[in-house]
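For the sequence shown, this note's numbering begins at 651 and goes up steadily by one.
Note that the Cβ used here is the ideal one computed from N, Cα and C, for glycine as well.
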Amino acid sequence: MTLPGDGPTGPIAGDDGATGFSDVDDWLLRDGATREFVGSAASAVASLVRSTLGPRGCETLVETVDSHDDPEVVLTADAGEILDALERASGFAHPVAALLIDAVDSHRRALGDGTTTALLLSGALVEAGLDLVDEGLHPMSVIVGYGLANARAGETLDDLAREVDPGSAADLRDVAATAMADARDEAWRAESASAVAEVVAGLARATDRGWVATDDVGVVGSTAVETGVVDGVVVRREPATYHEMPEFTTRSFGQRPAIPEPVEDATVVVVDDEIDFEETASTFERGTGGRVALGSREAAQEYATQLDARRAGAARRLRDLGVDVLVVQERVEDPVQRAFERADVAVIDRAKYPYEDADRLADATGAQVASFVDDISADHLGTAGRVRDRLVDGEKWATFEGCGDGVSTVVVGARTRSALDWRERLVEDALDVTAVAASDRQVLPGAGAHAAAVAGDVREYARSVGRREQLAVEAFADALETVPRTLAANAGHDPATVVAALRAARRGDGPAAPGVDPAGPEPLDAWAAGVVEPRRVFSQAVETAVGVTEQLLALDTVLFPEVDLDSFDPMVEHE
């Protein structure tokens, strides 16, 4: 991705013909030029995601490539997806942009939300800090002032935060709904928020560690189902039959389910490799490479007989172990399936869609994954309360219910495939965000109310800072108001009017937690409206922004900002 300051010029020839640089400005920036180099990049990165913030945020279209380097068009309002799409395309060649993206990446992957806020605050803090340096304030004074303001912000958030009961779905429902504020369908958002809250509350009740992880929760979707929760694991399976032609490839399912009737109290075993009896079916007339040489009709008949016996023997051994359902990640050939079915062992193959479903199933049922059928013993067995198989919109879904506390799957429904992908991502992010709230047991008012409250308190605190750092503390407060300003602008309101109204509400008898109302310029009470988010999402966004800003403000020199290092071949002074 090209940002201000990109566009390498490469080295040029010196007077003596050696490779060098004719002007120091070609490869070195100092002071004001460095600040321009840093500030323009920070502003450009923030502008990439600014319009996506809030429930009225807009979508961004990115021309990129997919994981196979094929052209792809991504249309999304999710900042994380935008950054990922840009990384897949050309990446961020500008070193400052790359530093900013790296800083927010761990925040995004750990919390599932707050990426836009972190980038906006980073851009605002860098811009304000560089302006102060241009006005004569030393960079270290700005950094110290930002540190003082950040510490004060933490104290303000301590007072503002409220406790939540991690085992109460009612307490967590608002967190999930706020995380899915981008959803335009209010009925679906409410339904999905209830499902997410129910799942996370169940996870919290099932653990005594205090930390709520969503590893045991899956998200699957289809255009042929309604949104809800399955108490167990749903394994999606790929089509079985392949017709490969030069012009096209088709895949199809047999309509017969692997399990005609649900199996109650099922004993389950999971195999992560293919089941192949060909190699050990016969020991006579072997050729090179382990191939079986069949020189006569009798030899072929003997080979087929031994192969059938091998299949039947493996099936009987599993039946004697009490196995009801055999789950295999690879495709199982029809003769092998029939042998197991004759022994009353149901086979669910191609359980690798996505690949981690089989591992999650093993964890949920208490099974140990085996690589070969011959290795299966009583130690590999797991259990499920109920197993059933059904055809869903061109896929087969095998459902393993009653696997244990906290093991569940959120089923997402939508009318179109594109809407389904988007809804699945919303639910996945909402699960992560709600789990953070359940783990920390603290939430903050959303709708920009947290940023506005901290900005107001930090601005008052600045009066007590009697040094030059006071200017930086005030700039920190102004930067925090970037959040409500952006929310107001994205909702179609005048940012200055909305921010003024928020300040007035805090000073007067306004709402307890005045925030930005998408429907109008007057403040809303975020607590009363149920717009809440985990404390850690916002506080970590602030910490991330302050950390990367301190790094960038300390820069006064940039080397090789426009040099094509691939073609840079400096003279060697000593061999």
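Roughly how many angstroms lie between the CA atoms of residue i and residue j, to the nearest whole one?
i	j	result
arginine 700	leucine 1041	42 Å
proline 1164	alanine 1103	8 Å
aspartate 1206	isoleucine 793	14 Å
aspartate 1079	glutamate 952	57 Å
valine 746	valine 688	6 Å
asparagine 1140	arginine 706	6 Å
alanine 1179	methionine 830	15 Å
aspartate 673	threonine 684	With a pLDDT of 45 at aspartate 673, under the threshold of 50, the modelled position of that residue is not reliable, and no figure is offered here.
aspartate 1159	alanine 1105	18 Å
aspartate 999	glutamate 980	6 Å
aspartate 994	leucine 1070	37 Å
glycine 804	serine 1027	55 Å
valine 880	serine 842	13 Å
aspartate 821	arginine 1157	29 Å
alanine 863	leucine 853	8 Å
aspartate 835	histidine 718	33 Å
tyrosine 796	valine 1196	7 Å
alanine 1009	aspartate 1025	Checking the sequence, you will find aspartate at residue 1009 rather than alanine. Computed Cα separation, rounded: 17 Å.
glutamate 1051	glycine 878	14 Å
alanine 743	glutamate 737	10 Å
alanine 739	threonine 714	5 Å
glutamate 914	aspartate 1029	21 Å
threonine 1147	glutamate 1200	31 Å
aspartate 1013	tryptophan 1047	18 Å
alanine 965	alanine 845	40 Å
histidine 1262	tryptophan 1177	The structure shown has nothing for residue 1262, since the chain only spans 651 to 1225.
Bridge partners for residue i per DSSP, in chain order?
i	result
leucine 853	BP columns for leucine 853 are empty, so no partner.
aspartate 1039	Ala1048
valine 1061	Val870, Gly878
aspartate 1175	Pro1164
valine 920	Val977
glycine 1032	Val918
valine 883	Phe1050
Looking at C-alpha atoms only, which residue of the options is the closest neighbour of residue i?
i	options	result
phenylalanine 1126	Leu782, Trp1047, Leu733, Arg992	Leu782
threonine 1066	Gly1016, Asp984, Gly1056, Glu876	Glu876
alanine 799	Trp1177, Leu1130, Gly963	Leu1130
glutamate 1074	Val1060, Val1083, Asp922, Gln1201	Val1060
leucine 1076	Thr726, Thr714, Ser1114	Thr726
glycine 1098	Leu1152, Arg1186, Val1019, Gly773	Leu1152
alanine 996	Val1037, Val715, Ser946	Val1037
valine 1062	Lys1046, Asp865, Trp838	Trp838
glutamate 1226	Thr765, Ala692, Ala696, Ala694	Because residue 1226 is not part of the residues shown, which for the chain are 651 to 1225, the question remains open.
cysteine 1053	Val1086, Ala778, Ala1017	Ala1017
arginine 961	Arg947, Glu991, Glu1172, Val918	Glu991
proline 1134	Pro1171, Ala1162, Glu1124	Pro1171
aspartate 865	Phe1022, Ser1058, Ala691, Pro1168	Ser1058
alanine 908	Asp1039, Asp809, Leu761	Asp1039
proline 1168	His1143, Ala1155, Glu924	His1143
proline 985	Asp1007, Ile925, Leu1011	Ile925
glycine 1035	Leu787, Leu807, Asp832, Pro912	Pro912
glycine 730	Ser756, Asp720, Thr828	Ser756
leucine 1202	Asp716, Ser697, Met790	Met790
Taking 7 Å as the threshold (C-beta atoms), are residue j and residue i in contact?
i	j	result
valine 754	leucine 769	yes
leucine 1081	valine 867	yes
aspartate 763	valine 1083	yes
valine 1208	leucine 679	yes
alanine 819	alanine 840	no
valine 1115	valine 1019	no
glycine 1096	valine 1149	no
threonine 1015	threonine 1033	yes
arginine 1185	alanine 748	no
serine 772	aspartate 1043	no
valine 724	valine 712	yes
alanine 1112	threonine 767	no
arginine 802	valine 1086	no
valine 975	valine 918	yes
phenylalanine 927	leucine 968	no
leucine 703	threonine 1136	yes
leucine 761	valine 1187	yes
aspartate 716	glutamate 722	yes
Does any residue of chain C bring its CB to less than 7 Å from the CB of residue i?
i	result
aspartate 974	As a matter of chain content, chain C is missing from the structure shown, which is built from one protein chain.
Notebook entry, point to check: Quick one: complete beta strand (DSSP E) runs, 3+ long, within the segment 712 to 743?
Noted result: Annotation: the segment 712 to 743 contains the following complete segments of the beta strand (DSSP E) (minimum length 3 residues), in chain order: 721 to 726.
Notebook entry, point to check: What alpha helix (DSSP H) runs, 4 residues minimum, are completely inside the segment 1141 to 1166?
Noted result: 1145 to 1157
Check: Where are the beta strand (DSSP E) runs, 3 residues long or more, that stay fully inside the segment 985 to 1027, in chain order?
Finding: Qualifying beta strand (DSSP E) stretches, in chain order: 996 to 998.
Item checked: Length at least 3, wholly inside the segment 1052 to 1111: the beta strand (DSSP E) runs in chain order -> 1058 to 1063, 1092 to 1095
Margin query: In chain order, what are the residue ranges of uninterrupted alpha helix (DSSP H) at least 4 long that sit wholly in the segment 787 to 864?
Written below: 789 to 810, 819 to 829, 836 to 856
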